[in-house]
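Residue numbers (our numbering): 8 to 74.
What follows is a single structure, written as structure tokens, with notes after it.
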Amino acid sequence: MSSPVSSPAWPFGDLPVMRRGGRWLLTASAGSVPADRAFAVELDRFAVAMAAADRAVAALPPRSGGR
């Protein structure tokens, strides 16, 4: 599956993962390790779903009425 974004490195929200150089890394204060293939596939799917949700929210019309 292709990368959900084209930047060379990016964190994934508040999760302890990062995508760098086309690979998912599990991150911690002591360093990082590459995610295994099965987990990386799931992270790709989740990233695609999150990007679609972000686009859907951005496409919503502005609310009126102050509430």
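Each residue gets a CB set at the ideal place from its N, CA and C atoms; glycine is no exception.
Check whether the Cβ atoms of residue i and residue j sit closer than 8 Å, and answer yes or no.
i	j	result
SER50	PRO41	Inspection of the sequence shows that residue 50 is occupied by Leu rather than by Ser. Cβ distance not < 8 Å, so LEU50 and PRO41 don't count as in contact.
PHE19	ALA54	yes
SER36	MET25	no
Which word fits residue i, buried or exposed, when buried means at least 16 other C-beta atoms lie within 10 angstroms of its C-beta?
i	result
ARG62	exposed
ARG44	exposed
ARG70	exposed
ARG30	exposed
On the three-state DSSP scale, how would you describe residue i?
i	result
ALA35	strand
ARG26	strand
PHE19	coil
ARG52	helix
ARG62	helix
Does any residue of chain C have a CB that is nearer than 8 Å to the CB of residue i?
i	result
LEU33	Of the protein chains in the structure, only one exists, and it is not chain C.
DSSP has residue i in a bridge; who is on the other side?
i	result
PRO41	LEU32
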